[in-house]
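In the working numbering, the protein residues as written are 267 to 370. Yeah, the Cβ is synthetic: ideal placement off N, Cα and C, and Gly gets one too. Down below is the structure, laid out as structure tokens.
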């Protein structure tokens with residue numbers, strides 16, 4: 267197993283874990299329940315970590331994480347062509363109906 271990302275919080279960790287699993291990569295989430303130990307141990311030791319289970323998947327996993335990091339810097343909104351709902355521009359799928367926001 268290899269560490270590929272240290273998340274800022276559990277929400278980000280679960281989001282990335284889902285993205286990586288959707289890409290067919292087996293991921294282990296470490297420190298999922300460690301935040302309750304803040305104060306007993308240094309806070310940097312309890313950040314959620316994503317570890318790739320198969321070392322052969324490391325390159326693809328790293329590319330997915332890099333793409334996520336680039337996309338989270340995108341600002342603005344886009345309208346879903348299926349349901350008309352507004353979504354953050356960094357979303358790939360509509361949060362309301364699940365439609366692919368890149369599809370025409």
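Beta-carbon proximity list for residue 336, same chain, < 6 Å, skipping 5 on both sides: For residue 336, where only same-chain residues beyond five positions count, there are no Cβ hits under 6 Å.
Option nearest residue 292 by Cα separation, candidates 321, 329, 355: When C-alpha distances from residue 292 are compared across 321, 329, 355, the shortest belongs to 321.
Delimiting residues of the alpha helix (DSSP H) encompassing residue 337: Its alpha helix (DSSP H) spans residues 324–337.
Cα-Cα separation between residue 284 and residue 350, rounded to whole angstroms: Rounded to the nearest angstrom, the gap between the Cα atoms of residue 284 and residue 350 is 25 Å.
C-beta atoms of residue 326 and residue 289 nearer than 9 Å: Against a cut-off of 9 Å, the Cβ pair of residue 289 and residue 326 comes out as a contact.
Endpoints, the alpha helix (DSSP H) within which residue 268 is located: Unbroken run through residue 268 is the beta strand (DSSP E), 268–272; no alpha helix (DSSP H).
Residue 340, buried or exposed, once every other Cβ within 10 Å from all chains shown has been counted against 16: By the 10 Å Cβ count, residue 340 comes out exposed.
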